[in-house]
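>
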Amino acid sequence: MGDFLRHLFTPHHTNNHRARALHLDALLFYALALVFFNLFLGWFQKARPDVLGYATDIHLEQLLIATNAKRQEAGLSILGLNASLSQAAAKKAEDMFAKDYWAHTSPSGATPWEFVTAAGYQYAVAGENLAKNFSTSQAVIDAWIASPSHRDNLLKSNYKDIGFAIVNGVLNGEETTLVVQMFGSQSGQTLAAGGPVAVKPVEAAGLPNVVSTPEAPARKESSPTRESLPQAQEPSVVISDSALTAVSSNEKQAPYNVLTQKFMESINRPVVDITSLKKGALGAMIVFFCALFILDAWIVTRRRITRVAGHSLAHTMFFGILFFILIRSLGGSIL
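To convert, note that position 68 of the sequence shown is 68 in the UniProt record's numbering; the numbers rise steadily by one, no gaps.
1) Taking the Cβ atom as the reference point for each residue, do SER86 and GLY120 lie within a distance shorter than 8 Å?
2) How about PHE134 and VAL179: are their beta carbons less than 8 Å apart?
3) What residue does the beta strand (DSSP E) around ILE58 start on, and which one ends it?
4) For LEU64, which of PHE4, LEU154, ARG20, VAL287 has the nearest alpha-carbon?
5) Do ALA281 and PHE9 have their C-beta atoms within less than 8 Å of each other?
6) According to DSSP, is residue 343 part of a helix, a strand, or is it coil?
7) Which parts of the stretch 51 to 123 are runs of the beta strand (DSSP E), unbroken and 3 residues or longer, counting only runs that do not cross its ends?
8) Within its chain, find whatever has a CB closer than 7 Å to the CB of GLY53; leave out the 5 residues flanking it on each side and keep chain order.
9) Which class does GLY173 belong to by DSSP, given the choice of helix, strand or coil?
10) How is ASN168 classed by DSSP in three states: helix, strand or coil?
11) Among the candidates PHE4, ALA88, TRP102, whose CA atom is the shortest distance from the CA of TYR123?
12) What does the alpha-carbon distance come out to for the pair PRO148 and ARG20?
13) Counting C-beta neighbours from all protein chains within 10 Å, is the total for HIS23 16 or more, i.e. buried, or is it exposed?
14) Going straight from the alpha carbon of PRO217 to that of VAL35, what length do you get?
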């Protein structure tokens, strides 16, 4: 048994002074095993989603509270939850799933602003952030804040209203939870605020999937803003003490009854979280390969073994970077 382990994991004359576990055929075996492991997880997740699935715990109320907390930290006013903006966000999410796209503009050319106006919100300034593949509300907000362009969008001083939609579905062949965040100010609100502030278009950079709106069409400043004629202001909703209370600029109250429960939260608690399982498996492989390469380099150096190809450090760095990218790809993303 000792000879077998020595042959498998350490440089020795029986394996041409390179651990058998690091030979080319062994590396190909690991790659194939990883592919089949991923396919098996996908099959089992579809067959038994209650046992193996994507764990999510995202709530509209938590998103609103976290967003307003960040704005208050920056010395800005809080945003009121607006029924029309939330309806626009829900329609945008449904359209993304129906047409299978991950972008601000649909394949048919529909922009976020069209969903906003179709929901009855006459905006002077509007914006959108997108996120997918996150498991908690705070993780979504943290990803937006970590991206300078998304942060600028979330902390735009001219916004007065906000809307959210949290929708589950299949996007680009993978099951996911999509979070759409819509911002806006109506004409009267914007004038009172003292004019619009430009926001640059947003691109996610190396973060778990997050998106921020592109530029709005004519009569707008920059991504995502736009001016329109003064209109009667839409009642907005502010969350206080875990309750939804409708308020508007003229202090009239109105019920918040546009959204259904399915757009306000995503809760899924399978026995095993597939994302955590994949990260755990990849983490174990990272440790395994790094340990092998370090052991290989130590033995070769100690025994002064000369090899034609023995770049253990380079291999360690390569596999480390590769697995880091793979692990990052399992996280959420913003746009």
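Built from N, CA and C at the ideal position, the CB exists for glycine as well.
A quick look at the data gives this:
1) At a Cβ-Cβ threshold of 8 Å, SER86 and GLY120 do not count as neighbours.
2) Yes, they are a contact pair.
3) Unbroken beta strand (DSSP E) run through ILE58: 56 to 59.
4) Its Cα nearest to that of LEU64, the residue LEU154 stands out among PHE4, LEU154, ARG20, VAL287.
5) In terms of Cβ geometry, ALA281 and PHE9 do not form a close pair [threshold 8 Å].
6) Coverage of the chain is limited to positions 1 through 335, which leaves residue 343 absent and any answer about it impossible.
7) If you keep only unbroken beta strand (DSSP E) runs of at least 3 residues inside the stretch 51 to 123, you get 56 to 59, 80 to 82.
8) Within the same chain, GLN45, ASN268, PRO270, ILE274 come within 7 Å of GLY53 by CB-CB distance, once the 5 residues on both sides are set aside.
9) Looking at GLY173 - three-state DSSP - the assignment turns out to be coil, as it is neither helix nor strand.
10) Correct three-state label for ASN168: strand.
11) The shortest C-alpha separation from TYR123 is found at ALA88.
12) Distance between the alpha carbons of PRO148 and ARG20 is about 47 Å.
13) Looking at its Cβ environment, which holds fewer than 16 other Cβ atoms inside 10 Å, HIS23 is exposed.
14) Unreliable positioning characterises PRO217 in this predicted model, as indicated by a pLDDT of 41, which lies under 50. A coordinate reading is not provided.
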